[in-house]
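The structure appears right after this line, and notes come after that.
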Ligand code: ZN
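Residue numbers (the working numbering): 1 to 491.
What follows is the structure, encoded as structure tokens:
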């Protein structure tokens, strides 16, 4: 392997040279969405972060098995062990079957990922399709003595586990602090300790999603699915586990404990976490009234948005920040990203028509080395992009005759830009970029329809009908309204 990639391992809190378990192959597991609502930026960041990793690994020659799950059962409201399932709650409110809710939002998530040019994972397993595997993990943890049955439910015994193994090492929490911070178990008599988490929950009579098990008709605990599915598809020990930083505790800590208890070993070699997104400096959340869905970003239909932003603008904006940094969304920052992306794309288009000289005054080999060095350094996409912008300045200087490039360097420059912009960063040309062609088209159609309105006012029916008929023939649907007109392009 030509490249040695350094990756920051959350577990050791340091950058480590990545060495796969099996040479040339990478096993990657990333926690996917709980599909009970529209796709939002919180979904986009881990998706884009691990898409970048997936793309880069493949580019440098690894065969990657990328598993990203769909949580369609067991994730209870408020991430708790008691209460309603998030999907069941949505199903009740919308009067749908839970699996209809799952399908609607899985489809929507896939559509959003496609627009963001996020490659589909190698396997996308659903929690509800792996109940047998989850029951098997519960059996193993019970047999190892780190779980107990209580009134039809099974709980992981955190304090007992912590006596024999470490608990909290990923999130940096100490078991003594966790114990002293745990509230009294008023009304939660099923559990021995508030720290314990459910592996299997007995379903209440009103609970719709339920399966038979040795303990009760019920459903698996949220943390268990990732242990069961990563083991099934990647093995008991695998290379990389990723997800959002908010998942380190309790979700990933629980995964570490479950795997150790069930299989007697640590499952994950490198833990990678993307940082969170803020909006105008504030945490994003439904309760704060600033949760913006991806479709709202694309339509601009939200009071906090000054305009619509294209999917590639969002992707480019995210890549301009390192995945371990917080990312603040603001109109100003997005507009800057939009302009930057346009400059980058225009430069790519210009490369073919650059004039060549006998020798170069620019150093393409150095530029190439810098781009790769940035990516090899814990996927430092903002630095890689900064180097690409040096390349943009290079391209513009050659166009202006201030620098010279040889034919072979021009070929290398083109390959470098195409590889980085399209294959690694996963950017693509967009037809409907705001301010681009579609904006001009809108202005032209509006202008024609205003002329038609004037013709009508002047009782020039010939001109008015002609504009209407010809636009209709081109596929425009025109409606006259009290105040003027509306139109739509029907394909
Ligand atoms: Zn997970």
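The beta-carbon is built from N, C-alpha and C at its ideal position, and this holds for glycine as well.
**Prompt:** In terms of residues, what are the limits of the beta strand (DSSP E) holding residue 271?
**Reply:** Start at 1 with the first residue of the chain shown, and residue 271 comes out as number 271. Counting along the chain, the unbroken beta strand (DSSP E) around residue 271 starts and ends at 268 to 274.
**Request:** Indicate whether residue 239 and residue 269 have their beta-carbon atoms separated by less than 9 Å.
**Result:** Position 239 of the chain shown, counting from 1, holds the residue named residue 239. Position 269 of the chain shown, counting from 1, holds the residue named residue 269. For residue 239 and residue 269, yes; Cβs fall inside 9 Å.
**Request:** Please check the pair residue 293 and residue 38, which I expect to be a contact at CB under 8 Å, by giving their CB distance rounded to whole angstroms.
**Result:** Here the question's residue 293 lines up with position 293 in the chain shown. Here the question's residue 38 lines up with position 38 in the chain shown. Rounded, the Cβ-Cβ distance is 4 Å, consistent with contact.
**Item:** Length of the line joining the Cα atoms of residue 236 and residue 259
**Value:** Taking the chain shown and counting its residues from 1, one reaches residue 236 at position 236. Taking the chain shown and counting its residues from 1, one reaches residue 259 at position 259. CA-CA distance, residue 236 to residue 259, rounds to 8 Å.
**Prompt:** Given a threshold of 16 other Cβ atoms within 10 Å of its Cβ, counted over all protein chains shown, does residue 436 qualify as buried or as exposed?
**Reply:** Numbered from its first residue, the chain shown carries residue 436 at position 436. Reliability of the predicted coordinates at residue 436 is poor, the pLDDT of 49 falling under 50, and no value is obtained from them.
**Message:** Could you check whether the Cβ of residue 130 sits closer than 8 Å to any heavy atom belonging to ligand 1?
**Reply:** The sequence position of residue 130 within the chain shown is 130, counting from 1. Flag unset: Cβ of residue 130 not near ligand 1.
**Message:** If you reduce the DSSP assignment to three classes, tell me which class residue 521 lands in.
**Reply:** Beyond the ends of the chain as shown, which are 1 and 491, falls residue 521; an answer cannot be given.
**Request:** Could you check which residue in 73, 196 and 162 has the C-alpha nearest to that of residue 203?
**Result:** One-based indexing of the chain shown puts residue 203 at position 203. Nearest C-alpha to residue 203: 73.
**Prompt:** Quick one: does the C-beta of residue 225 sit closer than 8 Å to a heavy atom of ligand 1?
**Reply:** On the chain shown, residue 225 is found 225 positions in, with the first residue counted as 1. Checking the Cβ of residue 225 against ligand 1 gives yes.
**Asked** Can the beta-carbon of residue 272 be found closer than 9 Å to that of residue 8?
**Response** As a working mapping, residue 272 is identified with position 272 in the chain shown. As a working mapping, residue 8 is identified with position 8 in the chain shown. Yes, the pair counts as a contact, with Cβ atoms nearer than the cut-off.
**Prompt:** Could you give the residue range of the alpha helix (DSSP H) that holds residue 158?
**Reply:** Counting from one through the chain shown, the residue named residue 158 turns up at place 158. It spans 158 to 164 - the alpha helix (DSSP H) in which residue 158 sits, taken as one unbroken run.
**Asked** Can you name the start and end residues of the beta strand (DSSP E) that residue 331 belongs to?
**Response** Counting from 1 along the chain shown, the entry for residue 331 is found at position 331. Where residue 331 is concerned, there is no enclosing beta strand (DSSP E), although the alpha helix (DSSP H) it sits in stretches over 331 to 350.
**Message:** Quick check on residue 154: does DSSP put it in helix, strand or coil?
**Reply:** Along the chain shown, read from residue 1 onward, the residue named residue 154 stands at position 154. Three-state DSSP puts residue 154 in a strand.
**Prompt:** Whose CA, out of 360, 388 and 361, lies closest to the CA of residue 372?
**Reply:** Position 372 of the chain shown holds residue 372. Closest by alpha carbon: 388.
**Request:** Pull up the distance between the alpha-carbon of residue 333 and that of residue 280, whole angstroms please.
**Result:** In the chain shown, residue 333 corresponds to position 333, counting from 1. In the chain shown, residue 280 corresponds to position 280, counting from 1. When rounded, the separation of the alpha-carbon atoms in residue 333 and residue 280 is 10 Å.
**Request:** Reducing DSSP to helix, strand and coil, say where residue 215 ends up.
**Result:** One-based indexing of the chain shown puts residue 215 at position 215. Under the three-state reduction of DSSP, residue 215 is assigned to coil, being neither helix nor strand.
**Asked** Where does residue 436 sit, in a helix, a strand or coil, going by DSSP?
**Response** Locating residue 436 in the chain shown gives position 436, counting from the first residue. Below a pLDDT of 50, predicted positions are generally treated as unreliable, and residue 436, at 49, falls in that range; the measurement from the model is reported next regardless. The three-state reading of DSSP puts residue 436 in coil, since its state is none of H, G, I, E or B.
**Request:** Report the rounded CA-to-CA distance for residue 6 versus residue 18, giving the unit in angstroms.
**Result:** Here residue 6 refers to the residue found at position 6 of the chain shown. Here residue 18 refers to the residue found at position 18 of the chain shown. If I take the Cα positions, the gap works out to 6 Å.
**Cβ pair residue 441, residue 485 closer than 9 Å** = As a position in the chain shown, residue 441 is number 441, starting the count at 1. As a position in the chain shown, residue 485 is number 485, starting the count at 1. Taking 9 Å as the cut-off, the beta carbon of residue 441 is found no closer than this to the beta carbon of residue 485.
**Request:** Within the same chain, show all residues whose beta-carbon is closer than 6 Å to that of residue 26, passing over the 5 residues directly before and after it, in chain order.
**Result:** The residue labelled residue 26 in the question sits at position 26 within the chain shown. Cβ within range, chain order: 20, 57, 62, 64 and 239.
**Message:** Could you check whether the stretch 148 to 166 touches the stretch 118 to 133, counting it as contact only if at least three pairs of C-beta atoms, one from each stretch, sit closer than 8 Å?
**Reply:** Taking a cut-off of 8 Å on C-beta distances, the stretch 148 to 166 does not touch the stretch 118 to 133, as fewer than three cross pairs fall below it.
**Asked** How long is the line joining the alpha carbons of residue 363 and residue 68, rounded to whole angstroms?
**Response** Reading the chain shown from its first residue, position 363 is the one you call residue 363. Reading the chain shown from its first residue, position 68 is the one you call residue 68. Between the alpha carbons of residue 363 and residue 68 lies a gap of roughly 40 Å.
**Prompt:** So is residue 479 buried or exposed if we call it buried at 16+ other beta carbons inside 10 Å?
**Reply:** Counted from its first residue, the chain shown places residue 479 at position 479. When all chains shown are included, residue 479 counts as exposed.
**Message:** Is the separation between the beta-carbon of residue 300 and that of residue 52 shorter than 9 Å?
**Reply:** By 1-based counting over the chain shown, the position of residue 300 is 300. By 1-based counting over the chain shown, the position of residue 52 is 52. Taking 9 Å as the Cβ cut-off, residue 300 and residue 52 do not qualify as a contacting pair.
**Straight-line Cα distance separating residue 41 from residue 434** = Along the chain shown, one-based indexing puts residue 434 at 434. Along the chain shown, one-based indexing puts residue 41 at 41. In this predicted model, residue 434 has a pLDDT of only 47, less than 50, meaning its place in the structure is not dependable; the value taken from the coordinates is given anyway. Between residue 434 and residue 41, the C-alpha separation is close to 20 Å.
**Item:** DSSP bridge partner residues for residue 480 (one or two, in chain order)
**Value:** Position 480 of the chain shown holds residue 480. When DSSP reads this structure, residue 480 sits in a beta bridge with 485.
**Prompt:** residue 415 and residue 357: beta carbons closer than 9 Å?
**Reply:** Taking the first residue of the chain shown as 1, we reach residue 415 at position 415. Taking the first residue of the chain shown as 1, we reach residue 357 at position 357. Not a contact, by the Cβ cut-off of 9 Å.
**Request:** Would you check if the distance between the CB atom of residue 75 and the CB atom of residue 29 is smaller than 9 Å?
**Result:** Along the chain shown, one-based indexing puts residue 75 at 75. Along the chain shown, one-based indexing puts residue 29 at 29. Not a contact, by the Cβ cut-off of 9 Å.
**Opposing strand residues paired with residue 328 [DSSP bridges]** = Within the chain shown, residue 328 is the residue found at index 328, counting from 1. Answer by DSSP bridge pairing, in chain order: 278.
**Asked** What do you reckon, are the CB atoms on residue 182 and residue 194 nearer than 9 Å?
**Response** Here residue 182 refers to the residue found at position 182 of the chain shown. Here residue 194 refers to the residue found at position 194 of the chain shown. Yes, Cβ-Cβ distance for residue 182 and residue 194 is below 9 Å.
**Asked** Is DSSP giving residue 370 helix, strand or coil here?
**Response** For the purposes of this step, residue 370 is taken as the residue at position 370 of the chain shown. For residue 370, the three-state secondary structure derived from DSSP is helix.
**Prompt:** DSSP on residue 123, reduced to helix/strand/coil?
**Reply:** Start at 1 with the first residue of the chain shown, and residue 123 comes out as number 123. Residue 123 carries a strand assignment under DSSP once its states are collapsed to helix, strand and coil.
**Request:** Just mark residue 418 as buried or exposed, buried being the case when its beta carbon has 16 or more other beta carbons within 10 Å.
**Result:** On the chain shown, position 418 is the one that residue 418 refers to. Exposed, because fewer than 16 other Cβ atoms sit within 10 Å of the Cβ of residue 418.
**Prompt:** Are the stretch 215 to 229 and the stretch 125 to 132 touching by the rule of at least three beta carbon pairs closer than 8 Å?
**Reply:** Touching, yes, given that three or more Cβ pairs across the two stretches are closer than 8 Å.
**Message:** Below 8 Å, is the gap between the Cβ of residue 418 and the nearest heavy atom of ligand 1?
**Reply:** Translated into the one-based positions of the chain shown, residue 418 becomes position 418. Taking the Cβ of residue 418 as the reference point, every heavy atom of ligand 1 lies at 8 Å or farther away.
**Asked** Which value, in whole angstroms, describes the spacing of the CA atoms of residue 395 and residue 44?
**Response** For the purposes of this step, residue 395 is taken as the residue at position 395 of the chain shown. For the purposes of this step, residue 44 is taken as the residue at position 44 of the chain shown. Whole-angstrom Cα-Cα distance: 32 Å.
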